[in-house]
Every structure is written in C-alpha cells, then in structure tokens.
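J.:
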Amino acid sequence: MSVLRFLTVFALLGTLVGCQSGLDVEGAFAVPEVTRRVRAPLPSPRRPILPAAAVVEPTTVARPVVTDARGSASVTRPLSLRESIATALENSDAVRTLDRGFVRSAEVTSYDPSTLLHEVIAEDAVFDPRFAAGVSGARFNSPPGSPEIAQVTNYLHRDEFDVFAEVSKLWPLGTETSLSYQPPKAYLFQQNRTTPLLNPGWGSALVLNVRQPLLRGAGAEVNEAPIRIAQLRHDQSSWKFKDALIDQVRSIEESYWHLQAARAALQAYDKALVPLDEAVHLQQMRQESEMITAAEVSRVRLQRNEFQQHRVRVAAQVQQREYALRGLMGVPLTDGARLEPVDTAETRPAEFDLSTLVSTAIDSRPDTLQRRLEVLIRGIELNVATNGVKPRLDLQVLHRTSGIDDSVDQSVGRMLEFGHTDWSAGLVFSVPLRNRAAKARANAMELQLAKSRTLLDQHVQNVAVEIAELVSDIQATQREYESAHERIADSQQWVEIARTRFITPPTAGEARNWLIIALDDYQLALRAQVDARITTSQLLARYNTLLARLEQAQGTLLHKHRIDWSEDPLHEIVEHRDEWFGATAEGPWHVEAPVQSQATGWGWSGP
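Going by this note's numbering, the residue at position 511 of the sequence shown is 794; the numbering climbs one at a time, nothing skipped.
Written out as structure tokens, the structure is:
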C-alpha cells in the first residue's frame with residue numbers, strides 16, 4: 284500500500300509539473316514568448332488594413348460619371364493613382380506585378396516572413412527547460428543459490444521500486460544544468476529479513492549537475508548563432524516580400540500612366556475623325572455639285588477609314604491597359620464602367636545627384652540589404668565553424684544530498700537536512716586526431732564569406748550603373764517630351780491653316796488641282812497632329828514610369844507614396860544597425876525609418 288500511495292503522489296506531481304510546463308491542451312499549441320531578439324507578438328498573415336479615409340471598395344472605385352466618348356462605354360469611373368494603389372493593397376492576399384505587359388503573381392507572399400518567424404521561435408526553444416520523469420518497480424523471487432544474491436538467502440524474496448524526476452536546461456553560455464530527484468534505490472522490502480536493515484527502506488537523493496564548456500561550444504555568440512541566423516533569414520524574407528511589394532506599386536503606377544496615355548491616343552483619333560467626317564461630307568456635297576469626281580470622294584473617305592482602322596487598334600490597347608490595371612488592383616475585369624485616370628502626370632524636369640541616389644539605394648534597396656544580411660549570416664557561420672576547430676574541454680561539477688529511512692516523508696526530510704552530501708568536480712578533454720572535418724568546415728565557411736562579400740560589391744556596382752542609366756533615360760525622355768509638346772502647338776496651327784485652305788478654295792482658274800493639293804495638305808496636317816499627341820502622351824507616360832522605376836531602384840517607392848508597413852524590416856535595421864553592422868549613425872548604414880501609421884499592417888502616413 285505504501286508503494287501504491289507513493290505512485291499516486293508521484294503521478295499527481297508529474298501532472299502538476301506538466302501543467303506548469305505548458306503541457307496542457309491549450310499550451311501545447313501556444314507559441315512561447317521569445318525574450319531575445321525576436322519580434323512579438325507574432326504577425327499573422329492577413330489583408331493589409333488601411334485608415335478609413337483611404338479604404339476603397341474593390342468593385343467601386345469612384346462615383347460613376349456619364350460620358351459620350353466615341354465607341355466607349357457609356358459610364359466611366361474617375362480613378363486616381365492613390366486610389367488604385369490603396370485598392371491593390373486592400374486586395375493584396377497575393378502580390379501582383381506586371382511582367383512584359385501581363386499580370387503575374389509573385390512567388391513571395393506575406394506568409395513567408397511569418398513562417399520564418401516560427402522558425403526563429405523553434406530555434407529559440409532550444410533554451411527552454413526540459414522535464415523528464417520515470418518510475419519502475421520489480422519483485423524478485425529467486426531460487427536458492429542464485430549468483431546475483433551471492434547466496435544470501437535473506438534477499439531471495441524482495442520488492443524494489445525506482446523513481447526519478449529531472450528538470451534540465453541549456454543556457455546561452457553553453458552551460459548545461461540539471462536538478463534531479465534520483466535515489467540509487469527508492470524502495471526496498473525484503474521478506475524474511477534476518478539482518479538489522481531498514482525494512483522497508485526508502486531512499487532519497489537530490490542531485491545538481493553542471494557542465495560548462497570552456498573551449499568548443501563556449502559562449503553566447505556560438506550557442507545563440509542558430510537563433511540569430513534564423514532571425515536574419517526572417518529579415519531577408521521580409522526584405523524579399525517588401526521588394527515584391529515595391530514591384531507591385533511600380534507595376535500599378537506604370538499601368539496607370541500607360542492607361543492614361545492609351546486613352547489620350549484614343550482621344551487624339553476621336554478628335555481627328557471629326558474634321559475627317561466633315562471633309563468627307565464636304566467632298567460629297569462638291570460631288571453633288573459636279574465640282575469633283577467620285578474618285579476624289581473615295582480618296583478622302585479612304586483616309587478617313589484608315590484613321591478609323593487605327594482607332595480600333597488603339598481602343599483595343601485601352602481595353603488591354605485597363606484589364607492590366609484591374610488585374611493589379613484585384614478587382615473584377617468588367618463591372619459596366621471604364622476606368623479613367625484623372626491624376627496629372629509629372630512634367631517638370633527632375634534634378635538628380637547621382638552619388639546621393641546610389642547612397643540611398645545602398646541603404647534602402649531590399650535586394651541590396653538582403654545581400655548585406657547574407658554577409659552577416661556567413662560571418663556568423665564562420666565564427667561557429669572556427670569555434671568548432673577548438674578541442675572540447677568541459678568542466679563538470681556534481682553535488683548530491685541523500686537520505687534513507689523507513690518511510691517516504693522521513694527519507695525526504697533527512698535528504699533536505701543536507702547531512703549527507705557528496706560532490707565531485709573534474710575536467711573532460713577530447714579532440715579528434717588531425718581534426719580535419721572541423722578545419723575543412725571552417726575553410727569552407729571562410730570561402731563562402733568571401734563569395735558573399737564579392738557578390739555584394741559587384742551588386743553595388745550594378746546598382747550604380749542601373750541608377751545612372753535610369754537618370755540618363757529620364758533626362759533624355761524629358762527633353763523628348765518637351766520637343767513633342769511643341770509639335771502639338773505647331774501641328775495645331777498647321778491643321779487650322781490647312782482646313783481653311785481646304786474649306787475655302789481659291790477662285791476658279793487660279794491654280795490647277797488645287798483641291799487635291801489642299802486635301803493632301805489637310806490630311807497630312809491631321810496625321811502630324813495625331814502623331815504629335817500620341818507621341819507626347821507616350822513620352823509623358825514613359826517619363827513618369829521611369830521616375831517610378833528610379834524610386835524602385837532606390838527602394839523608396841513606398842515612402843514616396845507615403846505607404847508604411849508595420850512589419851517593415853527597415854525598422855529592424857534602424858534599431859539594430861550598430862549591433863549588426865558596427866557602423867555609427869554617420870556611417871554607410873545611416874537610414875531613416877518611415878513614419879509609422881497607427882493602422883495595423885498597411886497604412887498611409889501624411890495626408
């Protein structure tokens with residue numbers, strides 16, 4: 284019965300310890316709190332949340348406005364660039380980008396950083412305490428002469444019971460500690476006892492064991508390396524996700540300006556078709572008056588139909604541009620209305636300081652920061668591999684206090700009096716002969732670090748070249764736009780003079796074939812005017828698209844549109860740049876964090 288009572292008490296104790304250790308049903312699925320450099324609380328994948336003023340319904344972009352544009356839908360919906368970006372972010376379960384005119388879904392999603400944050404927690408859990416316990420019982424009824432009894436017939440019939448419970452923990456310095464209740468023999472009962480021993484006898488022992496590495500595996504830098512690497516991998520994933528988001532915003536802006544340019548081209552053809560229709564009607568009236576032949580009417584109608592044919596193609600391009608923008612925004616492709624961009628494109632010449640642009644890109648560009656974090660990871664791995672070359676030298680210390688009596692409580696009481704204590708201390712040394720494996724791993728990690736640094740240096744040079752080419756392209760496009768804009772005014776004057784000559788011909792007999800010459804001149808003027816307007820709108824769209832690409836190349840496109848992401852890894856860089864990179868605020872890692880919005884997830888900073 285004593286054994287049964289002890290088993291019952293031990294089971295209750297194990298249940299209590301298990302509940303305190305997080306082994307209950309709810310605790311088994313709870314995420315432990317990480318007290319080291321792990322962000323908490325854990326961000327769950329979710330739709331971005333915007334302030335109420337910036338939220339746009341996915342299928343209701345703006346209030347419908349009726350228009351009478353030729354051949355287009357009877358309803359248009361004005362759309363600003365800010366509204367299109369807000370709608371896309373509201374519907375950003377997946378990151379959508381524009382690739383060669385087609386909408387693609389990026390491989391990276393908001394789930395990736397959250398997934399890797401769980402990996403950080405898993406690595407950090409190596410320092411969580413561990414609990415272990417066990418019980419075992421046995422009854423012996425050996426025949427006389429059994430060798431294990433050494434012919435002591437008094438011990439042939441006995442009951443034994445063993446129990447142990449241990450709490451152990453690994454510490455960041457590499458120290459392993461354990462506190463255990465582990466008596467050599469917890470219970471012993473001998474039948475037909477003839478010796479003056481305790482019967483039954485209850486033993487107790489409390490053991491403290493400490494092992495401290497002194498060379499290999501010693502220090503927080505080595506033991507916390509997996510946690511730090513996992514955190515840096517998580518930050519790399521966040522930068523990769525932010526890179527995809529920047530690409531999405533750039534795609535939206537590019538699609539927005541291209542839709543505006545396509546609509547401007549359609550309007551140019553619509554304006555040109557009005558005087559062409561007038562010219563056809565005028566020629567038909569002249570034919571009826573027998574001033575010209577049917578061939579001359581066909582000539583002007585042919586030109587008019589050619590313009591109409593080009594307009595059909597341009598209208599299809601408008602539809603395609605709108606489909607692309609709707610796909611990027613995540614709204615239905617058709618809802619009975621046509622989107623009409625209403626923002627005014629930037630036309631002012633931009634001034635650039637190339638060195639400042641490159642410096643900003645090095646500090647803020649996601650792919651550059653990913654490579655910098657890769658160098659940090661390789662450095663940590665090299666430190667761990669270098670530590671692995673050292674021999675193992677461990678300090679081991681043990682302290683034990685024991686007690687024994689004929690009942691459990693008295694035995695535990697004697698143990699807690701600390702009247703009978705044992706201790707031991709020693710050093711354990713071991714090293715592989717020649718140690719080739721550890722040295723090879725260290726050499727490999729050193730080469731990997733050199734490779735990452737080389738790729739980072741080359742990447743920075745590539746970024747500088749990319750930004751320089753973008754600046755050159757922007758400046759050339761802006762000058763082209765100015766020249767094209769002047770062509771519009773010149774073509775307008777040409778059209779007005781040519782129209783006057785065509786409508787009011789000179790008196791008969793002043794010149795032969797005057798009508799054909801006037802008609803050719805008028806049609807050529809209209810063609811030049813349409814080309815000038817289309818070229819101007821395309822160059823304006825290209826100019827604004829290149830400005831967006833330049834912001835993307837610097838990694839500042841989200842900041843340009845005052846978009847703030849609560850999980851932006853830039854906040855982490857600002858907080859830990861001195862710790863990670865060893866640079867002062869004036870060094871190459873001087874970056875400014877964007878203004879944090881009060882909204883969770885996504886938000887707009889500023890008005």
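Beta carbons are placed, not taken as given, at the ideal position from N, Cα and C, and that holds for glycine.
In angstroms with no decimal places, state the Cα-to-Cα distance between Val349 and Ala781.
T.: Reliability of the predicted coordinates at Val349 is poor, the pLDDT of 37 falling under 50, and the value obtained from them is presented with this limitation in mind. The straight-line gap from Cα to Cα measures roughly 34 Å.
J.: Can you tell me which of Leu802, Val446, Gln812, Val680 puts its alpha carbon nearest to the alpha carbon of Phe785?
T.: Per the Cα distances, Leu802.
J.: Based on DSSP bridge pairs, tell me the residues matched to Tyr464.
T.: Note: Tyr464 sits in a beta bridge opposite Ala448, Leu489.
J.: Are the Cβ atoms of Ser534 and Leu637 separated by less than 9 Å?
T.: No, they are not a contact pair.
J.: Provide the residue(s) that pair with Glu623 in DSSP beta bridges, ordered along the chain.
T.: Answer is Pro361.
J.: Please name the residue, chosen from Thr839, Lys673, Arg697, that lies closest to Pro649 on a Cα-to-Cα basis.
T.: Nearest of Thr839, Lys673, Arg697 to Pro649, Cα basis: Thr839.
J.: At which residues does the alpha helix (DSSP H) containing Thr819 begin and terminate?
T.: Its alpha helix (DSSP H) spans residues 797–837.
J.: Can you tell me whether Trp522 is helix, strand or coil according to DSSP?
T.: Here Trp522 sits in helix by DSSP.
J.: To the nearest angstrom, report how far apart Arg494 and Thr460 are at their CA atoms.
T.: Straight-line Cα distance between these residues: approximately 7 Å.
J.: Report yes if the CB atom of Leu372 is closer than 9 Å to the CB atom of Tyr539, and no otherwise.
T.: In this structure, Tyr539 does not lie closer than 9 Å to Leu372 by Cβ.
J.: Could you check the C-alpha separation between Val693 and Tyr394 for me, to the nearest Å?
T.: The question names Val, yet the displayed sequence has Gln at residue 693. Approximately 58 Å between the Cα atoms of the pair.
J.: Can you have a look at Val358 and say buried or exposed, based on whether 16 or more other CB atoms are within 10 angstroms of its CB?
T.: Exposed, since its Cβ has fewer than 16 Cβ neighbours within 10 Å.
J.: I'd like the list of long-range same chain contacts for Ile575, defined as Cβ closer than 8 Å, with 5 residues on each side in sequence excluded.
T.: Excluding positions up to five away in sequence, the list reads Gln566, Arg569, Leu798.
J.: If we ignore side chains and look at the alpha-carbon of each, how far apart do Gly613 and Thr380 end up?
T.: Answer to the nearest angstrom: the Cα atoms are 11 Å apart.
J.: If you run the structure through DSSP and keep just helix, strand and coil, what is Val563?
T.: In the structure shown, Val563 sits in a helix (DSSP, three-state: H, G or I).
J.: Can you give me the Cβ contacts of Arg353 inside the same chain, cut-off strictly under 6 Å, excluding the 5 residues immediately before and after it?
T.: A caution first: Arg353 carries a pLDDT of 43, below 50, which makes its placement in the model too unreliable to give a value.
J.: Consult DSSP for Arg582 and reduce its assignment to one of helix, strand or coil.
T.: The answer is helix: DSSP assigns Arg582 an H, G or I state.
J.: Let me check understanding here. Comparing Cα to Cα, which of Leu462, Leu456, Lys523 lies closest to Thr392?
T.: The shortest Cα separation from Thr392 among Leu462, Leu456, Lys523 belongs to Lys523.
J.: With DSSP as the reference, please indicate the residues paired to Arg387 in a beta bridge.
T.: Partner(s): Thr380.
J.: Using a Cβ distance threshold of 8 Å, determine whether the stretch 673–691 contacts the stretch 512–528, with at least three qualifying pairs required.
T.: The stretch 673–691 is not in contact with the stretch 512–528.
J.: Take Glu536 and list the residues in its own chain whose beta-carbon comes closer than 6 Å to its own, dropping the five residues that flank it on each side.
T.: Excluding positions up to five away in sequence, the list reads Ala831.
J.: Can you name the start and end residues of the alpha helix (DSSP H) that Gly892 belongs to?
T.: Summary: the structure shown does not reach residue 892, with the chain confined to residues 284 through 890, and so no result is reported for it.
J.: For Gly231, count neighbouring C-beta atoms within 10 Å of its own C-beta (all shown protein chains included) and say buried if the count is 16 or more, exposed if not.
T.: As shown, the chain starts at 284 and ends at 890. That puts residue 231 outside it, with no answer to give.
J.: Can you say whether Glu573 is buried or exposed, counting buried as having 16 or more other CB atoms within 10 angstroms of its CB?
T.: That one is exposed.
J.: Between which residues of its own chain and Val754 is the CB-CB distance below 6 Å, once the five residues before and five after are set aside?
T.: So the list reads Phe635, once near-sequence residues are dropped.
J.: Taking just the CA atoms, how far does Ala836 sit from Thr867?
T.: Residue confidence for Thr867 is low, a pLDDT of 39 falling below 50, so the modelled location carries little weight; the figure read from the coordinates is stated next. The alpha-carbon atoms of Thr867 and Ala836 are separated by roughly 25 Å.
J.: Which value, in whole angstroms, describes the spacing of the CA atoms of Arg413 and Trp454?
T.: Cα to Cα, Arg413 sits roughly 12 Å from Trp454.
J.: Helix or strand or just coil, what does DSSP make of Glu700?
T.: Of the three classes helix, strand and coil, the one that applies to Glu700 here is coil, per DSSP.
J.: Quick one: is Asn670 buried, meaning 16 or more other Cβ sit within 10 Å of its Cβ, or exposed?
T.: By the 10 Å Cβ count, Asn670 comes out buried.
J.: How would you label Ala501, buried or exposed, when you count the other beta carbons within 10 angstroms and need 16 or more for buried?
T.: Buried, because 16 or more other Cβ atoms sit within 10 Å of the Cβ of Ala501.
J.: Is it right to say Asp382 is buried, meaning 16 or more other beta carbons lie within 10 angstroms of its own, or is it exposed?
T.: The residue in question, Asp382, is exposed, as its Cβ has fewer than 16 Cβ neighbours within 10 Å.
J.: Indicate whether the contact test is met: 3 or more Cβ pairs, each with one atom in the stretch 725–740 and one in the stretch 654–669, closer than 8 Å.
T.: With the cut-off at 8 Å, the stretch 725–740 and the stretch 654–669 touch.
J.: Can you tell me whether DSSP reads Ile575 as helix, strand or coil?
T.: Three-state result, Ile575: coil.
J.: Looking at C-alpha atoms only, which residue of Ala633, Pro788, Asp530 is the closest neighbour of Ala389?
T.: Of Ala633, Pro788, Asp530, the residue nearest in Cα terms is Asp530.
J.: Between Thr760 and chain B, is the shortest Cβ-Cβ distance under 9 Å, so that the two count as touching?
T.: Here chain B cannot be found, since the structure has a single protein chain.
J.: In angstroms with no decimal places, state the Cα-to-Cα distance between Leu456 and Val505.
T.: Using only the alpha carbons, I get a separation of about 8 Å.
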